[in-house]
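I have placed the structure first, in the form of structure tokens, so that the comments after it can refer back to it.
In UniProt numbering, the protein residues as written are 1 to 303.
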């Protein structure tokens, strides 16, 4: 998506009444306005809001003023008036300014940041921060996607709009945030590489089938040695140990959630075990009781 696509996002204004609130990172955002100005001469005279008003310019040029500050703005700029800011926007007469705009309030909930803590939200809440930015990130794509969700309405639009709305709030704040506020630590334990994530998906999708390290490695186009090393480094267990654990955990779930007419042998085969005795031995070793006892006890191990 590009700024040129935003020029076709006039349906953004139709989000009024469709997307009114969303949760985002410990905050609650309430949307109070959506709008779109085509590229024609216009002027939005001095005014103020109790919410954030954000404009993304997709074409032309104009001037954005906050009090005594005056900013020349044009295509690729995003600018914000924070709550209480007295401001006006004036389009150029010769090169008219086209904008998409949205307004929202932002309040921290119980899971919000601690007093004085900084992060992506500081781009909005820090009143000393910039009012104009060219760091628009994914804003053009998000605005376009939101307009597409607005009409025609399709089943599931509420969930789609809430997700896009939350992303819009975060990317809006990021546009005005300092780089130090955007730095963050990776998740505890780190992320899995694409190759290891693909191997995990392969295991989960093929638990009922015979499987070897060669099969898994071939699925991600790696040698057996390389695949095994990567998997063990990032998960702490070997491929075949993980397969056995996943099969036995699947078996435990199937025993509880299938009809009692489904035999232990059928469960074993569904989990990749051709020998029911080997399955029962492995199941007892992992879960502490036999498959039949697991079913009759509802999965509870009595000590």
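Yeah, the Cβ is synthetic: ideal placement off N, Cα and C, and Gly gets one too.
Item                                                                                                                                                 : Value
With a CB to CB cut of under 6 Å and the five nearest residues on each side skipped, what residues in its chain are close to residue 35?             : 13 and 101
What separation, rounded to the nearest whole angstrom, lies between the Cα atoms of residue 66 and residue 104?                                     : 18 Å
With a CB to CB cut of under 7 Å and the five nearest residues on each side skipped, what residues in its chain are close to residue 228?            : 213, 238 and 239
Could you give the DSSP three-state label for residue 258: helix, strand or coil?                                                                    : coil
What residue does the beta strand (DSSP E) around residue 90 start on, and which one ends it?                                                        : 87-91
Spatial neighbours of residue 177 within its chain, please: C-beta separation below 7 Å, excluding the five flanking residues on both sides.         : 120, 122 and 123
If we require 4 or more residues per run, which alpha helix (DSSP H) segments fall completely within the segment 89-174?                             : 122-125 and 139-150
Measure from the alpha carbon of residue 46 to the alpha carbon of each residue in 225, 136 and 69, then state which is nearest.                     : 69
Do you know offhand how far residue 303's Cα is from residue 285's?                                                                                  : Only weak support exists for where residue 303 lies, its pLDDT of 43 falling under 50; the value from the coordinates is given anyway. Going from the Cα of residue 303 to the Cα of residue 285 covers about 15 Å.
Which runs of the alpha helix (DSSP H) fall wholly inside the segment 208-242 and span at least 4 residues, in chain order?                          : 213-219 and 224-235
Under the assumption that residue 143 contacts residue 24 (Cβ atoms under 8 Å), give the Cβ distance between them as a whole number of angstroms.    : Their Cβ separation, rounded to whole angstroms, is 16 Å, which puts residue 143 and residue 24 out of contact at 8 Å.
Could you check what DSSP says for residue 19 in three-state terms: helix, strand or coil?                                                           : coil
State yes or no: is the C-beta of residue 287 within less than 7 Å of the C-beta of residue 253?                                                     : no
Under DSSP, the alpha helix (DSSP H) around residue 275 begins and ends at which residues?                                                           : Per DSSP, residue 275 belongs to no alpha helix (DSSP H) and is neither H nor E.
Please report how far the alpha carbon of residue 60 lies from the alpha carbon of residue 43, in whole angstroms.                                   : 14 Å
Out of curiosity, what's the CA-to-CA distance linking residue 179 and residue 84?                                                                   : 26 Å
Touch check for the segment 188-206 and the segment 130-137: three-plus C-beta pairs under 8 Å?                                                      : no
With DSSP collapsed to three states, give me the class of residue 69.                                                                                : strand
Report the rounded CA-to-CA distance for residue 236 versus residue 272, giving the unit in angstroms.                                               : 23 Å
Which value, in whole angstroms, describes the spacing of the CA atoms of residue 130 and residue 81?                                                : 10 Å
Could you tell me which of 274, 62 and 172 sits nearest to residue 90, measuring between CA atoms?                                                   : 62
When you compare the CB positions of residue 79 and residue 55, do they come within less than 7 Å of one another, or not?                            : yes
Which of helix, strand or coil does DSSP assign to residue 47?                                                                                       : strand
What is the DSSP secondary structure of residue 322, counted as helix, strand or coil?                                                               : The first residue shown for the chain is 1 and the last is 303, placing residue 322 beyond what the model contains.
Sort 87, 41, 112 and 106 by Cα distance to residue 93 and report the nearest one.                                                                    : 41
Using only the alpha-carbon positions, how far apart do residue 280 and residue 192 sit?                                                             : 32 Å
Ordered along the chain, which non-local residues of its own chain (more than five positions away) have a Cβ less than 7 Å from that of residue 255? : 267, 291, 294 and 295
Taking only three categories from DSSP, how would you classify residue 84?                                                                           : coil
For the alpha helix (DSSP H) holding residue 180, just list the boundary residues, first then last.                                                  : 179-182
Using only alpha-carbon positions, find the residue among 282, 128, 222 and 96 that is nearest to residue 241.                                       : 282
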